[in-house]
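In the numbering used here, the protein residues as written are 6 to 309. Written out below as structure tokens is the structure these notes cover.
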Amino acid sequence: MRVSFRVVSGLLTLLGAAGACRASETTFAALGDNQWPLAAFVLGLGTVACLIALILTRRKMNRIRRRLLEVEHELAHKDQTEHVLKEAHERLEGRVRERTADLEMSYRKLNDARDSLVAVNQKLDSVARVDDMTGIANRTRFDESLETEIKRSLRSRKPLSLILVGLDEFDTYRRQYGRDRADEVVVKTAQEMAKTFKRAPDIVARYDDSHFGIVMPETEVRDAMRFAERLRQVVFQSCVPFPESESSDRVTASVGVATMQPDKLYSASDFVNATLSALKDARDAGGNTIEYGTIRRSSDIELA
């Protein structure tokens, strides 16, 4: 671009000089021999005019050249700025991509950790409601299920039955044969009970050391009594030797049954107390039998 400015400047200067020469030739041709002084004056004026034209042209060309240089500098600066901005933009985009990838990875890890935590909590919650020794529901699950089913029974207007099973004279059995043998009997009884109650809504739980509870939704008295008899037979037919028993030659079970009708409102403790009372009556009758209890509001009844 700078070479082009010099060429243009030189051409304009030559054109100005050529114009001045043509004007001088024309002037000389028009003058006679006796008019040389005038010709010299005219020539001087032409020369001066030519010089002034050259100076003005030179100045104008210099201004144009400076402006063009300024424009060239501005364009170069603009290109440099755009290049810097482009590089900065590319670096920023790269950092954004990296940060986005890091955030996505962190989000996935957080989701995985949350899912793992939920699974662990669910497992812990499940374990917290399962009896370690027998594998059936524990007392916590029994109490929660009973409260839930009482409310459901009132809403659905359907009866709810509760069965409590106690192994007869089991403290004597444990003292005679030891803890391990006694635990084996408890585990075996729990397994047989779980096989007997296969309905989805039924909850079979270990109530305490040698007692079991069964929550039976939508079950009338006669059906509950029938299941209770099956439980009594299951324990009796297991034929676990117990010659030290005062009532039999084997381990037996007493069973208490109670049924809550949906037209009457009782608390869970009233319901359990009625079943415990029936279980106590069955044991007082010699064991290996079933008794039905009427629900009433009373104080807690201790297991014998």
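Note that the Cβ used here is the ideal one computed from N, Cα and C, for glycine as well.
Range covered by the beta strand (DSSP E) that runs through residue i
i: Tyr297; result: 295-297
i: Asp213; result: 208-213
i: Leu169; result: 165-172
Which listed residue (the options) has its alpha carbon closest to that of residue i
i: Glu225; options: Gln266, Leu270, Ala210, Val53; result: Gln266
i: Arg288; options: Arg113, Leu167, His216, Ile155; result: His216
i: Gln196; options: Arg211, Asp185, Arg100; result: Arg211
i: Ala233; options: Arg186, Lys91, Gly140, Val209; result: Val209
i: Gly291; options: Ser250, Ala279, Arg302, Asp275; result: Ser250
Under the three-state DSSP convention, the category residue i falls into
i: Met221; result: strand
i: Tyr112; result: helix
i: Met265; result: strand
i: Arg134; result: coil
i: Ser250; result: coil
i: Glu307; result: Summary for Glu307: the model assigns pLDDT 44, below 50, so the residue's position carries little reliability; its value from the coordinates is reported in the next sentence. Note: Glu307 maps to coil in three-state DSSP.
i: Arg302; result: coil
i: Ala71; result: The sequence given here places Arg at residue 71; Ala does not occur at that position. Helix at Arg71.
i: Val260; result: strand
i: Arg119; result: helix
i: Arg157; result: helix
Same chain only: Cβ atoms within 6 Å of residue i, ignoring 5 sequence neighbours per side
i: Leu151; result: Val220, Ala273
i: Asp137; result: none
i: Ser158; result: Leu165, Pro267
i: Pro206; result: Pro222
Boundaries of the alpha helix (DSSP H) in which residue i is found, first to last residue
i: Tyr178; result: 175-201
i: Val240; result: 226-242
i: Asp286; result: 273-289
i: Ile141; result: Premise fails: Ile141 is in no alpha helix (DSSP H) and is neither H nor E.
Proximal residues to residue i (C-beta, below 8 Å), its chain only, five neighbours per side dropped
i: Arg134; result: Ala142, Asn143, Thr145, Arg146, Glu149
i: Asn293; result: Asp173, Arg237, Phe241, Ser252, Ser253, Thr257, Ala258, Ser259
i: Tyr182; result: none
i: Ser161; result: Glu223, Pro267
i: Glu98; result: none
i: Asp323; result: The structure shown does not extend to residue 323, since the chain is modelled only from 6 to 309, so the question has no answer here.
Nearest-angstrom beta carbon gap, residue j and residue i [assumed within contact, 8 Å]
i: Ile295; j: Tyr271; result: So it is not a contact: roughly 21 Å between Cβ atoms.
i: Tyr178; j: Val125; result: The Cβ separation is near 39 Å, so there is no contact.
i: Lys285; j: Ser243; result: Incorrect: roughly 23 Å between the Cβ atoms, too far for contact.
i: Tyr297; j: Val262; result: 5 Å
i: Leu167; j: Gly218; result: 7 Å
Cβ neighbours of residue i in the same chain (closer than 7 Å, five flanking residues each side left out)
i: Asp188; result: Met138
i: Glu307; result: Legend: pLDDT at Glu307 = 44, less than 50; position of this residue unreliable, no value from coordinates given.
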